[in-house]
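As structure tokens, the structure follows; a few thoughts come after it.
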Amino acid sequence: MEENVLLAIGLTLFAGLATGVGSLIAFFTSRTNTKFLSFALGFSAGVMIYVSLIEIFVKAKDSLTAALGETQGYWMTLVGFFGGMLLIALIDKFIPNKNNPHEVRMVEDINKAEAQSTIADADKLMKMGTFAALAIAIHNFPEGIATFMSALQDPSLGIAIAVAVAIHNIPEGIAVAVPIFYATGNRMKAFKLSFLSGLAEPVGAIVAYLVLMNFLTDVMFGVIFAGVAGIMVFISLDELLPAAKRYDETHLSIYGLVGGMAVMAVSLVLLA
């Protein structure tokens with residue numbers, strides 16, 4: 001397992017830095033490709049849901065039942081799974097809805113922000129962008145742990161999850177960049193804050209390595225892995241699918257969802 005540590009941290013870094021990609025897209029494109037966005041978010045959700053319920057949950061249950069017995073192990077798996085959901089739900093609860101990074105922003109929001117910036121207070125825009133960066137960083141922290149633990153257990157799982165997380169981090173980068181750019185007029189500053197908010201993901205991975213690895217028994221691993229499954233299912237249902245449906249035109253989100261599941265299923269068979 002140790003030989004996968006650097007790969008696991010690298011994958012979380014890749015996923016986290018996609019927020020910076022979002023800010024670059026906002027600065028250098030004129031409009032959002034909503035068809036692609038709908039498909040991509042659905043695809044990301046499909047990958048996360050499939051891998052969480054078919055692979056991660058099962059591996060967590062196998063680990064816990066082997067250590068604790070069939071009945072107690074299954075109960076502990078359920079505790080970890082719903083505990084992961086509760087963790088991300090509590091994070092959401094303490095972030096006001098209007099600043100919640102789960103609200104996908106489009107490139108066109110730049111034009112809207114530009115029009116409003118002549119009458120809006122720059123300090124207010126700056127606070128909005130800074131708060132969005134902080135909120136995204138808070139969300140990215142457990143996502144970093146999820147990506148890290150998955151890659152540590154199985155590199156093929158980690159790669160798939162990192163790609164899925166990266167896709168949904170791109171719109172979050174736009175959410176940070178838009179208000180900060182129009183508060184300061186500085187593209188580089190907006191990009192830096194967007195970039196830095198994504199670094200919470202590899203920080204989560206490093207914390208997981210430094211803290212959790214010291215106590216990583218079969219039981220601890222099983223509970224954490226079950227929690228990872230819960231976190232990713234919650235994110236998919238609460239964030240990715242609603243956003244995908246919002247920009248859907250011809251069932252592209254569901255095609256993306258099924259496509260993500262199919263690609264994940266085939267990948268796991270080929271890499272087994």
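Following the UniProt record's numbering, the numbering of the sequence shown begins with 1 at its first residue and continues without gaps. Glycine residues also receive a C-beta, built at the ideal position from the N, C-alpha and C atoms. The model shown is predicted, which means the values in this text are computed figures rather than measured ones.
Taking C-beta atoms as the reference points, I231 and I88 count as a pair closer than 7 Å. Membership of E201 in the alpha helix (DSSP H) is indicated by the continuous run A200 to V211. L216 sits in coil when the DSSP states are folded into three classes, being neither helix nor strand.
Rounded to the nearest whole angstrom, the CA to CA distance from G16 to T147 is 10 Å. Residue environment: L41 is assigned as buried (16 or more neighbouring CB atoms within 10 Å of its CB, all protein chains considered). Separation of I25 and P155 (C-alpha to C-alpha, rounded to the nearest whole angstrom) is 29 Å. When secondary structure is reduced to three states using DSSP, H251 falls in the coil class, being assigned neither helix nor strand. If you look at L7, you'll find it in the alpha helix (DSSP H) that goes V5 to G16.
N4 places its beta carbon 7 Å or farther from that of L157. Shortest Cα-Cα distance from V176 to any of S194, A166 and L270 involves S194. A residue is called buried when at least 16 other Cβ atoms come within 10 angstroms of its Cβ; H168 meets this threshold and is buried.
Judged by DSSP in its simplified three-state form, G260 adopts helix.
In the structure shown, N140 falls within a helical segment according to DSSP collapsed to helix, strand and coil.
Between S44 and D248, the gap from beta carbon to beta carbon reaches 7 Å or more. Separation of the CB atoms of G80 and V223 is rounded to 4 Å, and the pair is thereby assigned contact status at 8 Å. Within the same chain, no residue comes within 6 Å of N186 by CB-CB distance, once the 5 residues on both sides are set aside. In this structure, the straight-line span from the alpha carbon of K189 to that of I138 is close to 20 Å. Shown here, F191 sits in a helix according to DSSP, grouped into three states. Between S197 and A133, the C-beta gap is smaller than 7 Å, which places the two residues in contact. L270 and F131 have their C-alpha atoms roughly 43 Å apart. Around the Cβ of F191, a 10 Å sphere holds 16 or more other Cβ atoms; the residue is buried.
For S63, the enclosing alpha helix (DSSP H) stretches over residues F57 to L68.
When rounded, the separation of the alpha-carbon atoms in V228 and G144 is 10 Å. Straight-line spacing of the CA atoms in A265 and I159 works out to 14 Å. For K35, the closest of S267, K245 and G259 by C-alpha to C-alpha distance is K245. Here the alpha carbons of T65 and T71 stand approximately 7 Å from one another.
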